[in-house]
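In this note's numbering, the protein residues as written are 337 to 528.
Reading through the structure tokens given below for one structure.
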């Protein structure tokens with residue numbers, strides 16, 4: 337095993353709860369921003385691609401075109417696993433904040449289900465509030481969203497079944513925002 341991998345694993349195993357929570361929180365936030373950037377690239381391409389063209393420069397696709405449509409499609413594919421992965425990291429950070437060791441799983445619903453009923457109620461209330469502010473009139477609960485996307489990270493990263501991918505980017509972003517917001521509100525509470 338390469339030294340770098342061994343060294344990183346050793347560092348992670350020596351982290352305390354606060355360090356693990358903060359690392360997962362930071363990773364979730366960073367990946368959420370990548371998801372937002374991908375969403376913005378898609379919107380830009382749909383509007384003519386002026387910003388995407390600046391990013392890509394004079395690069396051409398295999399057929400000699402500017403490749404903006406392919407870029408937008410790639411961004412759409414990547415969001416199908418980037419956003420669920422960000423949400424997974426946020427849920428794991430929240431579990432650690434609550435003094436629990438998260439499972440080694442990518443299943444969003446299983447992670448959510450490990451939270452206390454009180455925490456689930458807080459998350460649900462905040463999630464509905466964020467949906468309302470964002471202009472959604474839907475009644476799909478956070479619980480239902482996580483059930484629907486419980487395996488999105490695993491399915492999305494292989495692109496073998498694109499028809500099974502569920503595009504709920506805005507709702508997933510709101511769910512990530514909700515979980516990270518709860519963590520930030522609770523940062524004054526000490527677990528250590």
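Even glycine gets a Cβ: it sits at the ideal position worked out from N, Cα and C.
Please read all numbers here as calculations on a predicted model, not as lab measurements.
Every alpha helix (DSSP H) stretch that sits fully inside the segment 458 to 521 and reaches 4 residues is listed by chain position as 478 to 484, 488 to 492.
Taking residue 517 as the centre and dropping the five residues before and after it, the same chain places the C-beta of 462 closer than 8 Å to its C-beta, in chain order.
Under the 8 Å Cβ criterion, the segment 437 to 448 counts as touching the segment 482 to 497, having at least three qualifying pairs. In the three-state reduction of the DSSP assignment, residue 452 falls in the coil class, being assigned neither a helical nor a strand state. The criterion of a C-beta distance shorter than 9 Å is not satisfied by residue 415 and residue 360. Residue 376 sits in a helix when the DSSP states are folded into three classes. Of all alpha-carbon atoms in 511, 427, 404, the one lying nearest the alpha-carbon of residue 390 is that of 404.
The C-beta of residue 494 has fewer than 16 other C-beta atoms within 10 Å across all chains shown, which makes the residue exposed.
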